[in-house]
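Novice: Structure incoming, see below.
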Amino acid sequence: MKKIFKTIFGISTLFFSLSFFSMANALDIVFAEDRPDLRTLDPRITQSRHEEMLIVNIFDQLIAADSEGNHYPGLAKSWEVSGDGLEYTFNLRNDVTFHDGTKFNAAAVKATFDSIVDPETGSQGAVDILGPYKETVVVDDYTAKVVFERRYGSALTAFTETELSIVSPTALSELGNEGFGMAPVGTGPFMFKNWEANKKVELVRNPDYNWAPEYMDGSGPSQVANLTYRLIKDTSTRVAALEAGEIDIAELVPPLDMNRFDGSGELSTIAGTVSGLPYAAFLNTTVGVFQDINVRKAFFHSLDRVKMTSDLFFGYADAAFGPISSSTPSYWKGNEDYYGYNPDGAVALLEEAGWKMGSDGVREKNGEKLTVFFPCLLEPDTCVAIQGYANKVGFDVNVEVVMKARQDELIFANGYDMLVIRWVSLDPGVLIIPFHSRNIPQPGKFKFNWARYANPELDQLLEDAESAETQETKDDLYMQIQKHIMDQAIFLAIHDQVQTVAYNPELEGVRFANGNWQLRMYDVRKK
Amino acid sequence: MEKFKIILKRFLLNKGSAFGGVFLILIVFGAIFAPIIAPYDWNAVDTGPRLSPPSWDFLFGTDIHGRDVFSRIIYGARYSLSVGVISVLFGIISGSIFGVTIAYIGGRVDIIGSRIIDVMFGFPSFLLSLLVVAIIGVGLWNVVFAVGLASIPHFARIIRSAALQVKEQPYIEACVSLGYGNIRIMLNHILPNIFPIIIVIATLDLGGAIISIASLSFLGLGAQPPEPEWGAMLSSGREYMRYAPWTMIYPGLFLFLTVMSVNLLGDRLSIALDARQSIGKGKV
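Now the structure itself:
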């Protein structure tokens, strides 16, 4: 009798250990993302890096790119560009299926791109990244030809961007634009499972995934079986949960904590300097005190951006000076000669513009106060630092820490003097999004020219730069564009964006997507 | 005058209320004379090295922007105390008008008024203030209004029942038969008689109001940077809690001590003003 028990015990122990063994191969990863107010997971519509944090893992792009921006075959095995630079012919993989079973083919590429340029879709980012798109021609099932109106120098980089991910046409027609954003269907290594508003989004691995780009370590389905995105806005909660082992990977870890983890080895860390627009403030040129260029310049001069950045980031980020960050292609060094820290110069400019110091430390002119309304969505501490510096030369900066919904409301109503932005992008072409006059927001039309600056000359430069033929002309045009923006003092760069990630030291394979913000979870595994 | 002396005596004989009283006097004094007491400008960045621990130069340390926490707390008392008092005043005045009016008129007005109070009671008052802020927008004064508004049903209900009792008194009947106007009766004869109750519930509510406003500021709905309101200071210190706990400990401590003092005082006040307590006994 005892023997039988022993045998049963032995067998069940064996079973248990076996099941544990297989679980080691099926990781459950919890990632803490800092923004709870996700609205859509549709790559064609979003412009939010936080939404894209999930999107990079659900979708694939025609051309794959690693964190350095090197191009690899993605959903397209190869591609060629016509001599006039107008046609891009993609030779597509024929072994790819969407999560809903739809076959990936040229028709899917056409459906995706055509829907992006359809105004009905309400695309916020993709439509600009697609540039002067004309049409997609389905040459045969697995050959798609994308045609542009004009030469589009940034096209190849554009096809690597998350926004131009290929979406399932079947799901799109079944769910509609809104429904698709709530239950996205792509070809990526993870499939959408469940979304609890303001709490978490759950993904599961795609068991059929067999088309990982070659720069990845792994092949076949990911080792991560379940990928949960917990939406934890509060930084210290995020860090505490990470240290308690409740979550495995956290983004936007404060620099002081990064320092500590680096020193102790308690957690692994990676930090990425992001290319694209730096953390910067638009000064609204259409209302309030910033209509006067001298007031704008004075505001620029009042800030010690180098000190401010080192004070707030403890060495994890550098000050920024130009409309694009220094790691972005076509960056112009001349940006750094503009608007250095010069409070006396700021005072002189304000005096010249007629703003006299009032008794309360705030300047006034004709009974009007030098007041700036500054709704602050990102990095309240940086907003407060800006406020502190500007205050010293006589600005009264009203910071209101806002949520996204409130900011959107103010943008539509043109009810702000300055707003902060940051943007992940691989190409200076991103400048068309916040500076072309067609992108001035209007009620019901969410756009990003928050300085509301309209200048035909700048518009022309931006369009020309987009279709520049050679790298030289492209660099030259973007130089002129940056100079124009700096001369007008409409965009106040503060610091390079930095994405700080800490994770469980037992894991490896955590890697940044192109642009150094989002994380590709495909390769994550146990050491 | 004799009565006042007795009330004062009852106060001072109690350790709790004596402590509360002394602390509040200090805080109010600090708030009023903040420009003299505070060693630095509360809003000046880089007053000292950022996140430096408490020292003789910076009694309560400095925050991430190098601002002196002690100076900010002293100035913060102005915000935290005055917003609490104003919101309670707003609530109690509106509540008194509402409560006394419906009690005095009686009949259908009283029934409908009471039902309105009941309905408003259905919402937890904190949620009610969140709702009001969501409608009228963020900002310290909006929060003051919201918290005051949310406290109205509570005040109105107590004051209504007190006014109902007074209304049945013979001297009110006398006033009516003398042909006094309704408003005169309510203002000159009912209100003064329920005044002790009003004082007590207002004081008891003050602590709650200060906490509610600080909570809303903590959530980012009330005071906006750089206002040194204590709840907002707590919130902005959160990220540096591990490295600079003083940016959270001191605002929290002052909030706690202030609210506790107000409550101790309020408790004692309700005993001291209670007419049923026989006057003249030394120990109460």
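So the sequences go chain by chain: W and R. Okay, so the first sequence: first residue is 1 according to our numbering, each after it adds one. Okay, so the second sequence: first residue is 1001 according to our numbering, each after it adds one. Quick reminder that beta carbons are idealized off the backbone N, C-alpha and C, glycines included.
Name the DSSP beta bridge partners of residue 500 of chain W, please?
Specialist: Partner(s): W/271.
Novice: In the DSSP assignment, the alpha helix (DSSP H) including residue 1230 of chain R goes from what residue to what residue?
Specialist: Here the alpha helix (DSSP H) through residue 1230 of chain R covers 1230-1237.
Novice: When you check each C-beta in the stretch 262-278 of chain W against every C-beta of chain R, which residues fall closer than 9 Å?
Specialist: Listed by position, the residues of the stretch 262-278 of chain W near chain R (Cβ gap below 9 Å) amount to none.
Novice: Below 8 Å on C-beta distance, what does residue 235 of chain W contact in chain R?
Specialist: Within 8 Å Cβ-Cβ: 1238, 1239.
Novice: Does the separation of the CB atoms of residue 1073 of chain R and residue 1218 of chain R fall below 9 Å?
Specialist: Not in contact: residue 1073 of chain R and residue 1218 of chain R (Cβ atoms no closer than 9 Å).
Novice: Any idea if residue 201 of chain W is buried or exposed, counting beta-carbon neighbours within 10 angstroms, 16 or more meaning buried?
Specialist: Label assigned to residue 201 of chain W: buried.
Novice: Are the CB atoms of residue 320 of chain W and residue 305 of chain W within a distance shorter than 9 Å?
Specialist: In contact: residue 305 of chain W and residue 320 of chain W (Cβ atoms closer than 9 Å).
Novice: Kindly indicate which three-state DSSP category residue 371 of chain W falls into: helix, strand or coil?
Specialist: Correct three-state label for residue 371 of chain W: strand.
Novice: Return helix, strand or coil for residue 143 of chain W, following the three-state DSSP convention.
Specialist: Of the three classes helix, strand and coil, the one that applies to residue 143 of chain W here is strand, per DSSP.
Novice: I'd like to check one pair, residue 1041 of chain R with residue 1237 of chain R: are the Cβ atoms closer than 9 Å?
Specialist: No, these two residues do not count as a Cβ contact at 9 Å.
Novice: I'd like to check one pair, residue 397 of chain W with residue 386 of chain W: are the Cβ atoms closer than 9 Å?
Specialist: It is a contact, given that the beta carbons lie within the stated cut-off.
Novice: Closer than 7 Å by C-beta to residue 1017 of chain R: which residues in its own chain qualify, once you throw out the five before and the five after it? Chain order, please.
Specialist: The answer, listed in chain order, is 1011, 1264, 1265, 1268.
Novice: Give the single residue among W/137, W/282, W/324, W/73 whose Cα lies nearest to the Cα of residue 160 of chain W.
Specialist: Nearest of W/137, W/282, W/324, W/73 to residue 160 of chain W, Cα basis: W/73.
Novice: Can you find a C-beta in chain R that's less than 9 Å from the C-beta of residue 415 of chain W?
Specialist: For residue 415 of chain W, the answer is no, since every Cβ of chain R falls outside 9 Å of its Cβ.
Novice: For residue 1054 of chain R and residue 1069 of chain R, I'd like the C-alpha separation in whole angstroms.
Specialist: Those two C-alpha atoms are separated by around 9 Å.
Novice: Establish whether the CB of residue 1046 of chain R and some CB of chain W are separated by less than 9 Å.
Specialist: Output row for residue 1046 of chain R: interface = yes.
Novice: Pick out whichever of W/269, W/89, W/171 has its Cα sitting closest to the Cα of residue 498 of chain W.
Specialist: When each option's Cα is compared against that of residue 498 of chain W, the closest is W/269.
Novice: Nearest chain R C-beta to residue 246 of chain W closer than 9 Å, yes or no?
Specialist: By this cut-off, residue 246 of chain W is not an interface position.
Novice: Hey, does residue 343 of chain W have any beta-carbon neighbour from chain R nearer than 9 Å?
Specialist: Closer than 9 Å: no.
Novice: In this structure, does DSSP put residue 39 of chain W in helix, strand or coil?
Specialist: Note: residue 39 of chain W maps to coil in three-state DSSP.
Novice: Taking just the CA atoms, how far does residue 1152 of chain R sit from residue 1282 of chain R?
Specialist: Legend: pLDDT at residue 1282 of chain R = 42, less than 50; position of this residue unreliable, no value from coordinates given.
Novice: Check the Cβ of residue 1043 of chain R against every Cβ in chain W and list those closer than 8 Å, keeping chain order.
Specialist: Going along chain W in sequence order, the residues near residue 1043 of chain R (Cβ under 8 Å) are 388, 391.
Novice: Tell me, which residues are paired with residue 89 of chain W by DSSP?
Specialist: Paired residues: W/80, W/145.
Novice: Listed from N- to C-terminal order along the chain, which residues in the stretch 1065-1086 of chain R have their beta-carbon within a distance smaller than 7 Å of any beta-carbon of chain W?
Specialist: If the cut-off is 7 Å between Cβ atoms, the stretch 1065-1086 of chain R has 1065 near chain W.
Novice: Does the CB of residue 1243 of chain R have a neighbour CB from chain W at under 9 Å?
Specialist: Yes, its Cβ sits closer than 9 Å to a Cβ of chain W.
Novice: Count the other CB atoms within 10 Å of the CB of residue 317 of chain W; is the residue buried (16 or more) or exposed (fewer)?
Specialist: Result: buried.
Novice: What's the gap between the Cα of residue 249 of chain W and the Cα of residue 243 of chain W?
Specialist: One C-alpha to the other measures close to 10 Å.
Novice: Quick check on the burial criterion: 16 or more other C-beta atoms within 10 angstroms. Buried or exposed for residue 212 of chain W?
Specialist: Looking at its Cβ environment, which holds 16 or more other Cβ atoms inside 10 Å, residue 212 of chain W is buried.
Novice: With H, G and I counted as helix, E and B as strand and the rest as coil, what does DSSP make of residue 525 of chain W?
Specialist: Correct three-state label for residue 525 of chain W: strand.
Novice: Going along the chain, which residues of the stretch 369-383 of chain W sit with their C-beta nearer than 9 Å to a C-beta in chain R?
Specialist: Against chain R - using a Cβ distance shorter than 9 Å - the residues of the stretch 369-383 of chain W are 376, 380, 381, 383.
Novice: From which residue to which residue does the alpha helix (DSSP H) around residue 1202 of chain R run?
Specialist: Run containing residue 1202 of chain R: 1191-1218, per the alpha helix (DSSP H) assignment.
Novice: When the Cβ atoms of the stretch 1210-1225 of chain R are set against those of the stretch 507-522 of chain W, are three or more pairs found closer than 8 Å?
Specialist: No, the stretch 1210-1225 of chain R is not in contact with the stretch 507-522 of chain W.
Novice: Put residue 276 of chain W into one of helix, strand or coil per three-state DSSP.
Specialist: Of the three classes helix, strand and coil, the one that applies to residue 276 of chain W here is strand, per DSSP.
Novice: Would you kindly check if the distance between the Cβ of residue 474 of chain W and the Cβ of residue 131 of chain W is under 9 Å?
Specialist: Not a contact, by the Cβ cut-off of 9 Å.
Novice: Per DSSP, what are the beta-bridge partners of residue 495 of chain W in this structure?
Specialist: W/279, W/319.
Novice: Residue 1138 of chain R CB to nearest chain W CB: under 9 Å?
Specialist: Chain W contact via Cβ: present.
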